[in-house]
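Comments concern the structure below.
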Amino acid sequence: MGPPNRVLTALRGLILTIGCAVVIVPFLAVVSTSLATQEEVTENGGFVLLVRDPTLASYQAILSGGVVTRALVISILVTIAGTLLSLACTIGLAYALSRPGSLGSRPILLAVLFTMLFSPGMIPMYLVVKQLGLLDNLLALILPVLINAFNVIVMREFFLDIPGELMESARIDGANDLTILARIVLPLSKAVISVIGLFYAVGYWNAFFNALLYISSPEKWPLQLVLRTYVVNETPMGVDQVSAGSESLPPQLSIQMAILVISIIPILLVYPFLQKHFTKGLMIGAVKG
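Here the sequence shown stands for residues 1111 to 1399, where the numbers follow this note's numbering.
Structural data, given as structure tokens:
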């Protein structure tokens, strides 16, 4: 390789700086605005890039009771329960499809692949949820999206790459399928389970359309539907909606940005713990020897 070209190096640095600014500046504006007072919001005509006198009044207001606090609890419960149930069902289905000789494995695999090509559509799905009696029920946020066909295929490919000799030796020692899955397959599958679990968690946390279709009671809204209603649609929030005990409100824009920050934080906190598995998990099935 020849010596680096200074012009190209400077150009790359400039492009990277612009790219970082495009990502960081809007995020900084959102966080700063959520910490701003009414005077600073008025002075800047809206978004505040650098806050001079930060205050947590907006966060204290929305987390001290009211629609945002309730929605946050609902989103956390739906995300945790949905992720655990989806992982359990995906692992069970993928393991069954990966074992040679499983009863009906080929037709079931073809059915799973079929769902990747053809979706049921919004109206048939709504009618099914209605017939099951799940309208205005939090289970409607979990059961219709319980299993993702792509995640099943990825996990099945990983299970197929596990040496069959390990399972055969365990079976000779008297282990059944559940024991093999729990003691051999799952400990070797931390990477794919972490990635698929993150995919499911992000999906449940960010989902609002199912809540918009199936949930009619505002007290059962998840956080993303609150975010859409009060931030995207810019619907003003009253004192009784924001906080159960305060008599005055911080700036509406600061409250909206605080809701936006709270909706982002959980995923930002979870991702660093799964980052070491993320690259390996994404490459599963991509290269075949």
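Glycine residues also receive a C-beta, built at the ideal position from the N, C-alpha and C atoms.
None of these values were measured; they are calculated from a predicted model.
If you follow the alpha helix (DSSP H) that residue i is in, where does it begin and where does it stop?
{"i": "residue 1154", "result": "1148-1154"}
{"i": "residue 1294", "result": "Segment: none, residue 1294 is in no alpha helix (DSSP H) and carries neither H nor E."}
{"i": "residue 1217", "result": "1215-1227"}
{"i": "residue 1275", "result": "1274-1282"}
{"i": "residue 1122", "result": "1116-1144"}
{"i": "residue 1309", "result": "1300-1316"}
{"i": "residue 1237", "result": "1232-1241"}
Assign residue i to one of three DSSP states: helix, strand, or coil.
{"i": "residue 1176", "result": "coil"}
{"i": "residue 1331", "result": "coil"}
{"i": "residue 1344", "result": "coil"}
{"i": "residue 1258", "result": "coil"}
{"i": "residue 1287", "result": "helix"}
{"i": "residue 1271", "result": "helix"}
{"i": "residue 1326", "result": "coil"}
{"i": "residue 1161", "result": "coil"}
{"i": "residue 1397", "result": "Per-residue confidence for residue 1397 stands at a pLDDT of 46, beneath the threshold of 50, marking its modelled position as unreliable; the derived number appears in the next sentence. Coil at residue 1397, not helix or strand."}
{"i": "residue 1209", "result": "coil"}
{"i": "residue 1247", "result": "coil"}
{"i": "residue 1252", "result": "coil"}
{"i": "residue 1360", "result": "coil"}
Give me the residue from the options with the minimum Cα distance to residue i.
{"i": "residue 1287", "options": "1146, 1208, 1178 and 1174", "result": "1208"}
{"i": "residue 1138", "options": "1266, 1370, 1175 and 1302", "result": "1370"}
{"i": "residue 1372", "options": "1341, 1382, 1235 and 1361", "result": "1341"}
{"i": "residue 1343", "options": "1299, 1363 and 1359", "result": "1363"}
{"i": "residue 1224", "options": "1262, 1242, 1190 and 1232", "result": "1262"}
{"i": "residue 1313", "options": "1329, 1361, 1324 and 1252", "result": "1252"}
{"i": "residue 1144", "options": "1129, 1131, 1317 and 1165", "result": "1165"}
{"i": "residue 1291", "options": "1202, 1374, 1183 and 1182", "result": "1202"}
{"i": "residue 1320", "options": "1374, 1375 and 1255", "result": "1255"}
Would residue i be called buried (16 or more neighbouring beta carbons within 10 Å of its own) or exposed?
{"i": "residue 1309", "result": "buried"}
{"i": "residue 1228", "result": "exposed"}
{"i": "residue 1226", "result": "exposed"}
{"i": "residue 1241", "result": "exposed"}
{"i": "residue 1279", "result": "exposed"}
{"i": "residue 1335", "result": "buried"}
{"i": "residue 1327", "result": "exposed"}
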